[in-house]
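Asks: Quick one: structure below, then a few questions.
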Amino acid sequence: MKVKIKVKYIWIFLGLVLGAFLLYQIFNFVKPVDTIFIKGAAFSFRDDVRKALKVETFPNEGLFNELFMDYKTKNVTILFKPGNPKTNAIYQLETFEIVYKLTRYDELTKNMFRSKKVFDAQEIETYENITREEGVLKIILVPPEFSNQTRVTAGGNKIWIYGKTEKEFDLAVMKAILNVMNVTTLEGFV
């Protein structure tokens, strides 16, 4: 007894399998990515990492990691200019996120040549004349109240984080953290 399967049914079956596969791929492409994995440790964010990766970076993404990983860097200081109560609340949220994630990252990547980094935050009165200190990485937060652009820049032991809106400021902070972690694409981190 031979079972005869018509070619038409084979094509329908293959079409359904291909359609299911395409739907799965589209779902994964559109679905927000809010968690990345580095050396098996999960780092969760409040927003889509894909959006954060699109924030403008100057001069290049690799410099952020170089500044943080430099064996001479022993202290990370977050500088902020006080603003209205809403801005101050944003500072608290973003400072916590920076310190928490970068402390965890420092622990994961620490070796015998680098000591554990110390984090602190300082209030500044102006963004002018922020000096460079040996062994200190300064992260300067410029929130929407004081910024008309969204970008992250690095150079001279300083990382500047600018945000035009609250959402864009949060994405810029995420981008700076991702740059420090050397995450420039999602490949290998999801």
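Okay, so the sequence shown: first residue is 68 according to this note's numbering, each after it adds one. Think of the CB as a built atom: it goes at the ideal place given N, C-alpha and C, for glycine as much as any other residue. Owing to the predicted nature of the structure, the values given are computational and were not obtained by experimental measurement.
How long is the line joining the alpha carbons of alanine 243 and glycine 86, rounded to whole angstroms?
Replies: Within the sequence shown, numbered from 1, the residue matching residue 243 stands at position 176. Within the sequence shown, numbered from 1, the residue matching residue 86 stands at position 19. In this model, alanine 243 and glycine 86 are separated by some 38 Å (Cα to Cα).
Asks: Checking 8 Å against the spacing of the C-beta atoms, do tryptophan 227 and threonine 220 come in under that value?
Replies: Numbered from 1 along the sequence shown, position 160 holds the residue referred to as residue 227. Numbered from 1 along the sequence shown, position 153 holds the residue referred to as residue 220. If you check the CB distance, tryptophan 227 and threonine 220 come in under 8 Å.
Asks: Given this structure, state the Cα-to-Cα distance separating tyrosine 194 from isoleucine 145, to the nearest angstrom.
Replies: Taking the sequence shown and counting its residues from 1, one reaches residue 194 at position 127. Taking the sequence shown and counting its residues from 1, one reaches residue 145 at position 78. In a straight line, the C-alpha of tyrosine 194 is about 12 Å away from that of isoleucine 145.
Asks: Leaving out the 5 sequence neighbours to the left and right, which residues in its chain are closer than 7 Å to threonine 154 when beta-carbon positions are compared?
Replies: As a working mapping, residue 154 is identified with position 87 in the sequence shown. Contacts found: Pro210, Glu212.
Asks: Considering just the uninterrupted stretch of the beta strand (DSSP E) at lysine 168, what are its terminal residues?
Replies: On the sequence shown, position 101 is the one that residue 168 refers to. From DSSP, lysine 168 is part of no beta strand (DSSP E) but of the alpha helix (DSSP H) over 152-176.
Asks: Go ahead and label aspartate 187 buried or exposed: buried means 16 or more other beta carbons lie within 10 angstroms of its beta carbon, across all protein chains shown.
Replies: The count along the sequence shown starts at 1 and reaches residue 187 at position 120. Burial call: exposed.
Asks: Can you tell me where the alpha helix (DSSP H) holding lysine 242 begins and where it ends?
Replies: Taking the first residue of the sequence shown as 1, we reach residue 242 at position 175. Run containing lysine 242: 233-247, per the alpha helix (DSSP H) assignment.
Asks: Taking Cβ positions, are asparagine 215 and glutamate 128 nearer each other than 8 Å?
Replies: If you number the sequence shown from 1, residue 215 lands on position 148. If you number the sequence shown from 1, residue 128 lands on position 61. No, the pair does not count as a contact, with Cβ atoms beyond the cut-off.
Asks: On the CB-based measure, 16 or more other CB atoms within 10 Å of its CB, does aspartate 259 come out buried or exposed?
Replies: This structure leaves residue 259 out entirely; the chain is present only between 68 and 257.
Asks: Express the C-alpha separation of aspartate 114 and leucine 90 in angstroms, rounding to a whole number.
Replies: Mapped onto the sequence shown, residue 90 falls at position 23. Mapped onto the sequence shown, residue 114 falls at position 47. If you take the alpha carbons of leucine 90 and aspartate 114, they lie about 23 Å apart.
Asks: Span of the beta strand (DSSP E) holding phenylalanine 110?
Replies: As a first step, residue 110 is located in the sequence shown; it is residue number 43 there, counting from the start. Its beta strand (DSSP E) spans residues 108-111.
Asks: The alpha helix (DSSP H) that contains phenylalanine 96, what's its start and end?
Replies: Here residue 96 refers to the residue found at position 29 of the sequence shown. Segment 74-97, the alpha helix (DSSP H) holding phenylalanine 96.
Asks: Please classify threonine 140 as buried or exposed, where buried requires at least 16 other C-beta atoms within 10 Å of its C-beta.
Replies: Translated into the one-based positions of the sequence shown, residue 140 becomes position 73. By the neighbour-count rule (16 or more Cβ atoms within 10 Å), threonine 140 is buried.
Asks: Please work out which residues of its chain come closer than 8 Å, Cβ to Cβ, to lysine 98, disregarding the five sequence neighbours upstream and downstream, and give them in chain order.
Replies: Numbered from its first residue, the sequence shown carries residue 98 at position 31. Once the five neighbours on either side are set aside, lysine 98 has no close Cβ partner at all.
Asks: For valine 250 and phenylalanine 256, what's the separation of their Cα atoms in angstroms?
Replies: Sequence index remark: in the sequence shown, residue 250 carries index 183 (1-based). Sequence index remark: in the sequence shown, residue 256 carries index 189 (1-based). Each residue's Cα considered, the two are about 8 Å apart.
Asks: So which of Lys177, Lys205, Met179 has the shortest CA-CA distance to glutamate 190?
Replies: Along the sequence shown, read from residue 1 onward, the residue named residue 190 stands at position 123. Considering only alpha carbons, the answer is Lys205.
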